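Note sheet for the following structure.
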Amino acid sequence: MAREVAAANAAAQGAGGAKPQGTLPKGKVAGLEISRLILGTNIITGHMHGRELRYLNDLSLRYNTDAKILETFALSEANGIDTFMTHHEPRVMRLLKQHRAATGGKMKLIVAPEPKARTVEDYKRVVQELVDAGADGIYVHGATTDPMMAQGKIDLVVKFVELIKATGLPTGAGCHWLDSLKALEAAKAPCDFYVKTIHHHHYPTAPKKEEISTPWRELPPVYWCSNPEETVAFMKTVEKPWIGFKVMAAGAIPPRDAFRYAYASGADFILAGMFDFQVAEDAAIANEVLAKTPKRERPWRG
Numbered sequence: 000m001a002r003e004v005a006a007a008n009a010a011a012q013g014a015g016g017a018k019p020q021g022t023l024p025k026g027k028v029a030g031l032e033i034s035r036l037i038l039g040t041n042i043i044t045g046h047m048h049g050r051e052l053r054y055l056n057d058l059s060l061r062y063n064t065d066a067k068i069l070e071t072f073a074l075s076e077a078n079g080i081d082t083f084m085t086h087h088e089p090r091v092m093r094l095l096k097q098h099r100a101a102t103g104g105k106m107k108l109i110v111a112p113e114p115k116a117r118t119v120e121d122y123k124r125v126v127q128e129l130v131d132a133g134a135d136g137i138y139v140h141g142a143t144t145d146p147m148m149a150q151g152k153i154d155l156v157v158k159f160v161e162l163i164k165a166t167g168l169p170t171g172a173g174c175h176w177l178d179s180l181k182a183l184e185a186a187k188a189p190c191d192f193y194v195k196t197i198h199h200h201h202y203p204t205a206p207k208k209e210e211i212s213t214p215w216r217e218l219p220p221v222y223w224c225s226n227p228e229e230t231v232a233f234m235k236t237v238e239k240p241w242i243g244f245k246v247m248a249a250g251a252i253p254p255r256d257a258f259r260y261a262y263a264s265g266a267d268f269i270l271a272g273m274f275d276f277q278v279a280e281d282a283a284i285a286n287e288v289l290a291k292t293p294k295r296e297r298p299w300r301g
C-alpha cells in the first residue's frame with residue numbers, strides 16, 4: 000500500500016510526459032463543482048471499444064494494475080482533473096477510496112449503477128450502495144437508458160432517475176441515442192444533467208450517411224453519436240448541463256480535434272478515457288481549447 004501511494008505521488012510530481020497543469024476551468028452540476036475535463040473509466044476497466052482488436056481489453060487490464068490506476072488518479076488531480084466517472088465496478092471503487100484515504104485526494108465520483116440492475120428493487124439497492132460508497136453524483140448508465148427506451152420502458156427509466164434524485168445527490172441520465180434524451184426531456188424527468196455522446200464523423204472508420212442504421216455501432220463503420228448535427232441542434236434547447244462522452248470516437252479522433260468540436264458544439268464538460276501517460280497532455284489540450292473556444296451558440300449550462 001505505502002509503496003503504491005508513494006509511486007502515485009511521485010508520478011503526480013512530474014511523470015507522464017507534459018508538466019502538470021495544476022488547474023482546469025470548472026463548472027457546476029446541481030451545485031457540485033467539477034472540472035470541465037473528467038477522467039473516464041473505460042480504459043481503466045478494460046472496455047476499449049477496439050473494433051475488431053479484441054485483445055485491447057486484455058492489454059488495457061494488464062497494463063492498468065492497481066498501482067497504475069492509483070498513479071492515474073494522482074496524475075489527474077495534479078493536472079486539475081478533479082472528477083472521475085465510472086460504473087459500479089468494485090475494483091475501481093475500492094481504488095478510488097484508497098486514493099482518497101491514503102493521499103487526501105479530493106477526486107469526486109460520479110457513478111452509474113451497473114446496467115444489470117433492471118428492476119426498481121435492484122436499482123434502489125444499488126443506488127444506496129453507491130451513496131454509502133461516497134458517490135458525489137449518480138446517473139443512469141446509457142447501456143440502461145437506450146435499450147429500455149427502445150423497448151418503450153420510459154416510465155421505468157424515469158423511475159430510476161427519481162430513485163437517484165431522492166438521495167439528494169446530483170442526478171443524471173446517459174445515452175447514445177438522441178431519442179432517449181428527447182424522451183426524458185418530454186417526460187420532465189428530474190435530471191440535473193445529461194451524459195450524451197458527441198463526436199463528428201471525420202475519421203477513417205466513420206460511417207457514410209447511408210451506413211447509419213442504429214444509434215451506435217461497435218464494428219466498422221463505427222460510431223457512438225449517429226447524428227452529431229441533430230444532437231448539437233437539440234442540445235441548444237436543453238438548459239441542463241451536458242457531459243459529452245465518446246468525444247474521440249474511442250480513440251479515432253485526436254484529442255485536440257475532439258475536444259475543440261465537443262466544447263464548440265455545446266458540451267459543458269468532456270468525459271475522456273486516459274492512460275496515465277496521456278493525462279498531462281490532455282489536460283493541457285483542454286486548457287488550450289477552452290481558452291480559445293469562441294462564444295458558443297449554446298450558452299454554458301454548468
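Per numbering that gives the first Met the number 0, the very first residue in the sequence shown carries number 0; after that it's consecutive. Built from N, CA and C at the ideal position, the CB exists for glycine as well. Small disclaimer: the values here were computed from a predicted structure and weren't measured.
* Asked: Quick one: what's MET84 bridged to in DSSP?
  -> ILE109
* Asked: So the beta strand (DSSP E) TYR260 belongs to, where does it begin and stop?
  -> Careful: TYR260 lies outside any beta strand (DSSP E), inside the alpha helix (DSSP H) at 254 to 264.
* Asked: If you pair each beta-carbon of the region 208 to 216 with each one of the region 181 to 193, do three or more pairs fall below 8 Å?
  -> no
* Asked: In chain order, what residues of the same chain lie with their CB nearer than 6 Å to the CB of TYR260, ignoring the 5 residues before and after it?
  -> HIS199
* Looking at the structure shown, is GLY13 part of a helix, part of a strand, or coil, going by DSSP? -> Model confidence at GLY13 stands at a pLDDT of 45, short of 50, so the residue's coordinates are unreliable; what they give is reported in the following sentence. DSSP places GLY13 in coil when its eight states are reduced to three.
* **Identity of the residue in ARG216, PRO169, ARG117, LEU168 nearest ASP154 by Cα** => ARG117
* To do: Take the Cβ of ASP267 as the centre, count every other Cβ of all protein chains shown within 10 Å, and call the residue buried at 16 or more, exposed below.
  => buried
* To do: Name the residue from ALA185, ALA134, PHE159, VAL110 whose alpha carbon lies nearest to the alpha carbon of VAL237.
  => ALA185
* Span of the beta strand (DSSP E) around VAL237 -> No beta strand (DSSP E) contains VAL237, which DSSP labels as neither H nor E.
* Pairwise C-alpha distance: HIS175 and GLY141 -> 6 Å
* Asked: In chain order, which continuous runs of the beta strand (DSSP E) of length 3 or greater are located wholly inside the region 138 to 198?
  -> With a minimum length of 3 residues, the continuous beta strand (DSSP E) runs that stay inside the region 138 to 198 are 170 to 174, 192 to 196.
* Please report how far the alpha carbon of ALA285 lies from the alpha carbon of LEU36, in whole angstroms. => ALA285 and LEU36 have their C-alpha atoms spaced approximately 7 Å apart.
* Asked: Can you check whether the CB of ILE163 is closer than 7 Å to the CB of VAL126?
  -> yes
* **Residue burial classification, ARG300 (beta-carbon count within 10 angstroms, cutoff 16)** => The residue is buried, with at least 16 neighbouring Cβ atoms inside 10 Å.
* Asked: By Cβ distance, which residues of its chain are closer than 8 Å to VAL139, with the 5 residues on each side in sequence left out?
  -> ALA111, PRO112, VAL156, PHE159, VAL160, ILE163, GLY171, ALA172, GLY173
* To do: Starting from the C-beta of MET247, find all residues in its chain whose C-beta is less than 6 Å away, skip the five residues before and the five after it, and write them out in chain order.
  => Cβ neighbours of MET247 within its own chain (closer than 6 Å, five residues either side excluded): ALA257.
* **Residues of its chain near ALA134, where Cβ-Cβ distance is below 6 Å and the 5 sequence neighbours each way are ignored** => LEU108, VAL110
* Classification of LYS239 by the beta-carbon crowding that lies within 10 angstroms, buried from 16 upward -> buried
* Please report how far the alpha carbon of ASP281 lies from the alpha carbon of ASN41, in whole angstroms. => 16 Å
* Asked: How big is the Cα-Cα spacing for LYS291 and PHE83?
  -> C-alpha separation (whole angstroms): 25 Å.
* Asked: So the alpha helix (DSSP H) ILE43 belongs to, where does it begin and stop?
  -> 41 to 44
* In angstroms with no decimal places, state the Cα-to-Cα distance between LYS25 and GLU32. => Computed Cα separation, rounded: 7 Å.
* Asked: What are the partner residues of GLY243, as DSSP defines its beta bridges?
  -> LYS195, ILE269
* Apply the 10 Å Cβ neighbour rule to THR22 and answer buried if 16 or more other Cβ atoms are within range, or exposed otherwise. => Around the Cβ of THR22, a 10 Å sphere holds fewer than 16 other Cβ atoms; the residue is exposed.
* Asked: Below 7 Å between beta carbons: does that hold for ARG297 and LYS245?
  -> no
* Check LEU52 in the structure and name its three-state DSSP category. => coil
* Name the two residues that bound the continuous alpha helix (DSSP H) containing VAL125. => Taken as a continuous stretch (DSSP letters only), the alpha helix (DSSP H) holding VAL125 covers 119 to 131.
* In this structure, does DSSP put ILE284 in helix, strand or coil? -> helix
* Pick from ALA132, THR143, GLN150, ILE137: whose alpha carbon is nearest that of LEU168? -> ILE137
* Asked: What first and last residue would you give for the beta strand (DSSP E) that runs through ILE68?
  -> It is not in any beta strand (DSSP E) - ILE68 instead sits in the alpha helix (DSSP H) that spans 65 to 77.
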